[in-house]
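Below is one structure, written out as structure tokens; comments come after it.
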Amino acid sequence: MKQFKRTTVTSALPYANGPVHIGHLAGVYVPADIYVRYLRLKGEEVLFIGGSDEHGVPITIKARKEGVTPQDIVDRYHTIIKKSFEDFGISFDIYSRTSSAIHREVASGIFKTIYDKGGFVEKTNEQYYDETANQFLADRYITGKCPHCGNENAYGDQCESCGTSLNPTDLINPRSAISGSAPVMRETKHWYLPLDQHEAWLRQWILEEHKEWKPNVYGQCKSWLDMGLQPRAVSRDLDWGIPVPVAGAEGKVLYVWFDAPIGYISNTKELLPDSWEKWWKDPETRLLHFIGKDNIVFHCIVFPAMLKAEGSYILPDNVPANEFLNLEGDKISTSRNWAVWLHEYLEEFPGKQDVLRYVLTANAPETKDNDFTWKDFQARNNNELVAIFGNFINRALVLTQKYYEGTVPALGELNDYDRQTIDEFVNVKADVEKLLNNFRFRDAQKEAMNLARIGNKYLADTEPWKLAKEDMNRVATIMNLSLQIAANLAIAFEPFLPFTSEKLRRMLNLKTFDWKELGRIDLLKAGDCLGTPELLFEKIEDETIAAQVQKLLDTKKANEVAAYKPHAVKENVAFDDFMKMDIRVATVLDCQKVPKADKLLQFKLNDGMGERTILSGIAAYYPNPEELIGTQVCFIANFEPRKLRGVISEGMILSAEDADGKLVLIRPEAMVTNGVEVK
RNA sequence: GGCGGGAUAGCUCAGAUGGUUAGAGCGUCGGAUUCAUAACCCGGAGGUCACGAGUUCAACUCUCGUUCCCGCUACCA
């Protein structure tokens with residue numbers, strides 16, 4: 003393996019439209035922080051970069067909705083996020099933001115360099131334009147009627163009512179979210195990063211030279227490379243973001259995914275204006291990106307392609323991506339408020355940062371999605387942190403207090419059992435190191451925990467409380483060794499549980515503190531005075547857990563109620579407008595699933611005039627489509643035909659959408675003649 | 001639908017290059033103990049390794065197919 007001089011560690015930039023939750027922590031920030039603390043403790047040169055991602059359309063939408071500026075939104079969440087990371091002990095060397103002046107300069111510079119080298123391709127295409135507000139409209143800025151569910155307020159990229167992904171051109175009666183006027187199509191020019199031109203070296207670099215990447219990361223990259231890479235637009239027509247720094251680009255900004263990863267670089271430069279380059283350009287620097295699985299392609303393909311196109315940067319050596327953490331069986335969701343928010347946890351569990359760190363690491367989604375439950379949180383605290391780790395420390399300190407008034411007794415002659423115990427905990431260092439080097443934090447922490455188990459076993463087997471009546475020399479040796487184990491725990495747990503480690507060091511009066519010393523039995527000297535003993539962890543009661551569970555149940559209930567709220571009644575229409583819709587009844591002659599399409603059913607209808615084919619996206623709700631044959635349905639007869647999956651669909655079959663999104667066909671109460679109109 | 005990842009004890013997870021009775025933590029049951037936050041220590045029970053074929057002397061491990069979960073992507077007139 004290549005030897006590096008220093009390590010640059012980045013952690014995915016959280017998007018500043020909401021606070022940070024346990025999913026972010028378990029997937030990215032806790033493992034990154036453990037790794038960085040471990041390297042620092044070893045005395046290695048390491049830099050840990052974080053920051054808020056503050057551009058992009060969702061932030062402008064949120065700002066508009068609240069009647070504030072985008073800057074207000076990002077200021078609010080950047081402040082919350084930064085504070086909560088600090089309080090939680092995520093040890094960034096810098097946590098900055100992409101709305102900073104220096105970031106604008108760095109991102110522009112990188113764009114300009116690539117541009118000057120001819121690294122972009124220009125393309126012109128048509129996009130909706132708001133003539134009243136004089137600006138092009140991002141997908142999210144166009145609202146209209148969802149063709150799927152009829153929701154009048156669907157966005158150009160997605161209908162939030164039915165969850166459907168849309169193109170702006172799909173919307174019926176599109177309107178500008180800015181002025182309310184009807185947008186028109188207009189030509190606009192954008193710059194594209196031609197990923198296809200980078201495919202060859204990416205293939206060699208990832209598939210041949212980085213076979214050691216985690217299976218999920220390697221597999222996802224291979225999948226993309228095998229499909230063939232496409233050029234990706236790097237600019238948008240928007241006024242929130244970094245202006246495209248070339249002539250003729252007025253009103254255009256860098257697309258948020260282009261500017262965000264550059265934030266790693268600009269934040270480094272902000273921290274180290276004079277020496278930042280060695281962290282990004284020296285081949286002897288090891289670059290690591292800690293991310294969640296949703297970010298794999300950006301960090302393994304797109305960002306490296308950008309850096310390569312620029313020409314002077316190093317590429318990541320590894321991209322340890324985690325899977326997702328669920329909460330009590332359901333996907334974590336910011337919009338559905340289904341999350342444990344870090345800033346709320348810090349308030350509700352003061353001083354318990356390490357409990358959450360421990361649980362999230364013990365249950366980290368390293369190889370597959372995992373579930374966080376409050377019951378598990380309580381069990382791990384009470385049965386592991388309190389009962390094994392805390393209890394051992396407490397036993398060692400209480401006994402020392404009792405027999406030696408809080409000073410470290412001298413180590414006497416070692417017997418075979420002592421030596422056997424020492425051998426066991428000396429091994430812990432190598433084991434933990436090996437696991438951490440492979441980003442296996444869950445197992446590494448478990449291995450560190452073994453130190454406490456060894457300590458508990460040592461006390462149980464040697465029984466110093468019995469020997470105290472006959473052989474105080476022996477007791478001195480036992481207590482000395484027990485305290486050495488406690489001191490080792492303080493070192494071993496610093497990366498995992500930094501608050502606990504500090505507390506323990508204070509209680510032991512531990513002066514020296516270095517990863518190299520892990521495994522030694524002379525960390526404390528005879529005669530050293532110990533500090534004041536206190537409990538390392540405290541039990542978490544059932545009521546506390548019940549309250550958290552209740553909080554989630556309340557959220558769930560609130561979500562259900564919200565989901566059942568009928569949509570607002572639409573604008574009145576004239577009778578004539580209604581009469582334009584030609585809704586009719588037909589009998590289903592044939593109905594089957596469209597091959598290779600999950601959601602589509604193909605209907606053959608008798609509409610009284612002949613046969614008509616209509617496709618409908620209701621396959622999920624009618625698993626036995628043949629049962630529909632012979633029944634009647636309502637359909638729009640004068641809908642413009644459209645080709646779907648190679649089949650011409652001549653109309654739209656009407657369904658009612660239930661609160662849970664389920665679609666139910668609309669049909670006449672009694673059989674009627676085919677082709678009659680619905681009025 | 002395409003591609004990728006996953007499916008192993010009640011729960012959460014380990015199990016390079018196929019090879020003796022499939023492991024750990026927690027939970028559970030039993031025992032021992034009292035220095036310790038009813039904690040610790042010892043021991044037991046618990047698995048047809050998702051399902052079905054195949055390759056092999058031998059498969060949790062390799063190949064093919066099926067089912068379910070997750071992500072990316074297509075699709076919802």
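Everything in the first sequence is counted per the numbering used here, starting at 3 for the first residue and increasing by one.
The beta-carbon is built from N, C-alpha and C at its ideal position, and this holds for glycine as well.
Nearest in C-alpha terms to Ala109, of all of Glu350, Val361, Ser237 and Phe443, is Ser237. Exposure of Thr369 is indicated by the presence of fewer than 16 other C-beta atoms within 10 angstroms of its C-beta. When secondary structure is reduced to three states using DSSP, Trp467 falls in the helix class. Less than 7 Å separates the beta-carbon of Phe443 from that of Ala366.
The region 395-403 and the region 413-432 do not touch, with fewer than three beta-carbon pairs separated by less than 8 Å.
For a cut-off of 8 Å, the C-beta gap from Leu603 to Lys595 is around 6 Å, short enough to register as a contact.
The region 180-191 makes no contact with the region 99-117, as fewer than three CB pairs between them are under 8 Å.
DSSP, read as helix, strand or coil, puts Arg421 in helix. Note on geometry: alpha-carbon atoms of Glu286 and Leu41 lie some 16 Å from one another.
Under the DSSP assignment, Glu504 falls in the alpha helix (DSSP H) whose first and last residues are Pro500 to Leu510.
DSSP places Trp193 within a strand segment (E or B) once states are collapsed to three. The beta carbon of Asn372 lies closer than 6 Å to those of Leu327 and Asn365 in the same chain, with the five residues before and after it left out.
Across the set Gln634, Tyr623, Ala622 and Gly457, the C-alpha of Gln634 shows the shortest separation from the C-alpha of Ile585. Boundaries around Pro33 are those of the alpha helix (DSSP H), Val32 to Leu43, since no beta strand (DSSP E) includes it. Annotation: the continuous alpha helix (DSSP H) that includes Ile487 extends over Met474 to Ala494. Membership of Tyr97 in the beta strand (DSSP E) is indicated by the continuous run Ile96 to Arg99.
Taken through DSSP and simplified to helix, strand or coil, Asn608 comes out as strand.
Segment contact: the region 540-559 against the region 609-625, fewer than three CB-CB distances shorter than 8 Å; contact not assigned.
Rounded to whole angstroms, His212 and Gln222 show a C-alpha spacing of 13 Å. Within 10 angstroms of the beta-carbon of Cys636 lie 16 or more other beta-carbons, which makes it buried. When the five nearest sequence neighbours on each side are left out, the beta carbons in the same chain lying within less than 6 Å of the beta carbon of Phe94 are those of Phe50 and Gly52, in order along the chain. Taking 7 Å as the cut-off, the beta carbon of Ser98 is found no closer than this to the beta carbon of Asn339. In the DSSP annotation of this structure, Asp296 is not part of any alpha helix (DSSP H), being labelled neither H nor E.
The three-state reading of DSSP puts His200 in helix, counting H, G and I together. Contact between the region 459-470 and the region 372-391 is absent: fewer than 3 CB-CB pairs across the two stretches fall below 8 Å. DSSP links Met451 through a beta bridge to no other residue. Below 8 Å, enough C-beta pairs join the region 29-40 and the region 4-15 to call them touching: three or more.
The alpha-carbon of Met451 is positioned some 37 Å away from that of Asn19. In this structure, the beta-carbon distance from Gly533 to Ile334 does not fall below 7 Å. Cβ-Cβ distances below 6 Å link Tyr130 to Leu139, Ile144, Pro170 and Pro185 in the same chain, with the five nearest sequence neighbours on each side left out; the list follows chain order. In the three-state reduction of the DSSP assignment, Leu665 falls in the strand class.
Lys147 carries a strand assignment under DSSP once its states are collapsed to helix, strand and coil. Ser268 sits in a helix when the DSSP states are folded into three classes. Across the set Ala454, Thr502 and Lys505, the C-alpha of Ala454 shows the shortest separation from the C-alpha of Leu483. The beta carbons of Leu526 and Leu485 sit closer together than 7 Å.
Inter-residue distance for Asp228 and Gly294 is about 22 Å (C-alpha atoms, whole angstroms).
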